[in-house]
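Chains as they are written, first to last, in my numbering: chain A, 221 to 516; chain B, 221 to 516.
To start, the structure itself, in structure tokens.
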DNA sequence: TTTCATGTATGCGTTTTTGTATGAATTGGC
DNA sequence: GCCAATTCATACAAAAACGCATACATGAAA
């Protein structure tokens, strides 16, 4: 077992990122360094890990044999990182929060200001993505999600239930002839959120005869989708608190029940013992609590 | 996950060896290096791993939390080493063989000479110990054992079945009055091998009324035990091939059936694909084969 | 108590590693 | 078919890590 463990990490990054250059970027090192590390590892192990084929590398069967165990090593390293952060009781340091971009853009900022005032030593990094970041891989420390996480290693708390409704620009509603019943929306354009059918299911649940074809416009980004709505490109779903601040949209079919959007605050079990992360976690929970002086 | 993986290895070695100095010896590094690596790791993780208490270190509860995952990382590293060696098809390099010291001293040498002649590029290292080295932890590449291994990752081959009998120096037999029946050995002194009761069970199986008290002398080392026998300190068990080369001992109760001692050649499944290790493995098997020109 | 063995931390010179700059080679697009 | 954009490898200077020597502390033994 006399090889350099950092070179294993270099190998893992190269496999996962697909090239030495990408691995170097991911690890915050230079490409020549990665090149040398891989070469040295190959020399140490006495086997060829990659075949240099023009632009880029191609992993060899020998290298492929190792990947499984290399991944196991990386996973163990991630668990070390988690456990260590959980034991790290410093009040200062980085905390990475992930949230849907709608939450990140419209709901999070006042909460963050609150945390900054309370603990100036804490650096906050917001990862605004609708992809579910994997807390177990340490892609973030705290996540705000709209679904209850199923992973047993995570702890989650329902901190808020937003109400959301259909909104559109008056110009768009005028163009399609202001709808008064759910049936009137059969041919309307809806702005899609992501690849999933969750929105479609929600629409049909409240009686709107939508189909896959009802979503001619989609965007992974919630803010982009919302801008499309404001610009009159179609009908979209938005949390009522956020829409209330936008005078250029109006609610579609106000008599419809609307949707309930739960907000789950989530972190890793190990991280919950960290004072720094616990502080941010509790502050976020307090911000969303009904009694909070910060109103949404 | 932005800590130095080599520092994790340093931490693991320190935990397993018990001190920085011992860890440095185990890793082939200097003690100041280990000291700095641990300090740097503590700084990176933001937690204290050890408490410096005068002479030596004492692991903290935080450090203890990490050990489990650090071990997992080390185990993965070992598996990488195994898989890589299995894929390493170089004919030159090290091969570590472990065997009971009796085998190592009396049986192995001619086989090793054979291998050396066949493949001069191969370095052979013999680990002579009666403790069962763990092939899965890469304590050796090939093992000669007297038991069939139970681990599923290992492949084993019964290459020989030695016959062993009771031997003693004539002087000792004269002192206890040359025994003619198994019952005559009730009060005899036997030289024990190890902590187990295997020898005792073997003696009672062939009708010798031995008890725990029959083993006033024991040695972990088979060669030491055999020397005790030759010097007239008691009765011992030895493979007939070896005893035949010792004119200063004689067989006790030649009519007794004796023991069968199987010799299992064992290696790790992953290593069996390595040309270098396969060569040694096959050569050892050939040496023990009945048709071999190297007679035991 | 003194002495010795063991173990950790620090200063300094040297070796090793890393990053920047550059070149060679290849793929994809126009 | 050519140009632009990537990607990997090498040269050289800067930075980091390492080992040696040493100082200091502790526990066991004489």
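Positions of the beta carbon are idealized from the N, C-alpha and C atoms, including for glycine.
Answer with yes or no whether the minimum CB distance from residue 391 of chain A to chain B is below 8 Å.
With 8 Å as the cut-off, residue 391 of chain A does not count as an interface residue toward chain B.
Would residue 283 of chain A pass as a contact of residue 302 of chain A if the rule is Cβ separation under 8 Å?
The answer is no: Cβ separation not under 8 Å.
From the DSSP output, in three-state form, read off residue 231 of chain B for me.
Looking at residue 231 of chain B - three-state DSSP - the assignment turns out to be helix.
Counting C-beta neighbours from all protein chains within 10 Å, is the total for residue 513 of chain A 16 or more, i.e. buried, or is it exposed?
Low per-residue confidence applies at residue 513 of chain A: pLDDT is 45, beneath 50, and the placement is therefore not dependable, though the value from the model is reported in the following sentence. Flag for residue 513 of chain A reads exposed.
Alpha carbon of residue 468 of chain A to alpha carbon of residue 389 of chain A, nearest angstrom
Rounded to whole angstroms, residue 468 of chain A to residue 389 of chain A spans 6 Å at the Cα level.
Going by alpha carbons, who is nearest to residue 357 of chain A out of A/489, A/368 and A/408?
Nearest option by C-alpha distance: A/489.
Which residue or residues does DSSP assign as beta-bridge partners of residue 366 of chain B?
Looking at the DSSP output, residue 366 of chain B sits in no beta bridge, so it has no partner there.
Proximity below 8 Å, CB of residue 413 of chain A to CB of residue 430 of chain A
Going by C-beta atoms, residue 413 of chain A is not nearer than 8 Å to residue 430 of chain A.
Three-way DSSP call (helix, strand, coil) for residue 444 of chain A in this model
Note: residue 444 of chain A maps to helix in three-state DSSP.
Backbone CA spacing between residue 406 of chain A and residue 399 of chain A [nearest angstrom]:
Rounded to the nearest whole angstrom, the CA to CA distance from residue 406 of chain A to residue 399 of chain A is 10 Å.
From residue 396 of chain B to residue 418 of chain B, what does the alpha carbon distance come to, in whole angstroms?
Taking the Cα positions, residue 396 of chain B is about 24 Å away from residue 418 of chain B.
At least three beta-carbon pairs within less than 8 Å, the stretch 235 to 248 of chain B to the stretch 260 to 276 of chain A:
Segment contact: the stretch 235 to 248 of chain B against the stretch 260 to 276 of chain A, fewer than three CB-CB distances shorter than 8 Å; contact not assigned.
What's the gap between the Cα of residue 332 of chain A and the Cα of residue 230 of chain B?
Cα to Cα, the separation comes out at about 39 Å.
If you measure from the beta carbon of residue 517 of chain A to each beta carbon in chain B, is any gap under 8 Å?
Only positions 221 to 516 of chain A appear in the structure, and residue 517 of chain A is not among them; the question remains open.
Any chain B beta carbon closer than 8 Å to residue 245 of chain A:
Under the Cβ distance rule, residue 245 of chain A does not count among the residues neighbouring chain B, no pair being separated by less than 8 Å.
Could you pull out every residue in the same chain whose Cβ sits closer than 6 Å to the Cβ of residue 494 of chain A, ignoring the five residues on either side in sequence?
305, 306 and 308.
Collapsed DSSP secondary structure at residue 314 of chain A in the structure displayed
In the three-state DSSP reduction, residue 314 of chain A falls in the strand class (E or B).
Beta-carbon within less than 8 Å of residue 175 of chain B's beta-carbon, same chain only, minus the 5 sequence neighbours each way: which residues are those?
One cannot answer for residue 175 of chain B here, as it falls past the ends of chain B, which runs 221 to 516.
Using the C-alpha atoms, what's the distance from residue 348 of chain B back to residue 457 of chain B?
In this model, residue 457 of chain B and residue 348 of chain B are separated by some 18 Å (Cα to Cα).
If contact means a Cβ-Cβ distance below 7 Å, which residues of the stretch 262 to 285 of chain A contact chain B?
Among the residues of the stretch 262 to 285 of chain A, those with a Cβ less than 7 Å away from any Cβ of chain B are 265, 266, 267, 282 and 285, in the order of the chain.
Other residues of its chain near residue 343 of chain B: CB distance less than 6 Å, five sequence neighbours each side excluded
Taking C-beta separations shorter than 6 Å and ignoring five residues to either side along the sequence, the partners of residue 343 of chain B in its chain run 314, following chain order.
Proximal chain A residues relative to residue 373 of chain B, where beta-carbon distance stays under 8 Å:
Here the premise fails: no neighbours, minimum Cβ distance about 13 Å.
For residue 321 of chain B, decide whether its Cβ has a neighbour in chain A, counting only Cβ atoms nearer than 8 Å.
No, because no Cβ of chain A sits closer than 8 Å to the Cβ of residue 321 of chain B.
If you draw a straight line from the C-alpha of residue 364 of chain A to the C-alpha of residue 353 of chain A, how long is it?
Roughly 10 Å separates the two Cα atoms.
Beta carbons nearer than 9 Å to chain B: which residues of the stretch 289 to 321 of chain A have them?
If the cut-off is 9 Å between Cβ atoms, the stretch 289 to 321 of chain A has 289, 290, 291, 292, 293, 294, 295, 296, 297, 298, 299, 300, 301, 302, 303, 304, 305, 306, 307, 308, 309, 310 and 313 near chain B.
Classify residue 438 of chain A as helix, strand or coil using the three-state DSSP reduction.
Three-state result, residue 438 of chain A: strand.
Is the stretch 369 to 380 of chain A in contact with the stretch 448 to 455 of chain A, if contact means three or more CB pairs nearer than 8 Å?
Short answer: they don't touch.
Hey, residue 290 of chain B and residue 232 of chain B: beta-carbon distance below 8 Å or not?
Yes.
Contact under 8 Å by Cβ, residue 496 of chain B with residue 319 of chain B
The answer is no: Cβ separation not under 8 Å.
Should residue 259 of chain B be labelled buried (16 or more other beta-carbon atoms within 10 Å of its own) or exposed?
The residue in question, residue 259 of chain B, is exposed, as its Cβ has fewer than 16 Cβ neighbours within 10 Å.
Quick test of your reading: residue 251 of chain B and residue 227 of chain B, contact by CB under 8 Å. State the CB separation rounded to the nearest angstrom.
Residue 251 of chain B to residue 227 of chain B, Cβ: 15 Å. No contact.
Put residue 500 of chain B into one of helix, strand or coil per three-state DSSP.
Of the three classes helix, strand and coil, the one that applies to residue 500 of chain B here is helix, per DSSP.
Distance cutoff 8 Å, beta carbons only. Does residue 354 of chain B sit that close to anything in chain A?
Not an interface residue.
Using the beta-carbon of each residue, which ones in chain A are nearer than 8 Å to residue 224 of chain B?
Residues of chain A whose Cβ lies closer than 8 Å to the Cβ of residue 224 of chain B are, in chain order, 226.
Where do the ends of the alpha helix (DSSP H) carrying residue 424 of chain B lie?
Residue 424 of chain B -> alpha helix (DSSP H) spans 418 to 425.
Mind pulling the beta strand (DSSP E) runs of 3 or more residues that sit fully within the stretch 237 to 302 of chain A?
Taking only runs of at least 3 residues, the beta strand (DSSP E) segments lying wholly in the stretch 237 to 302 of chain A are 270 to 272 and 277 to 279.
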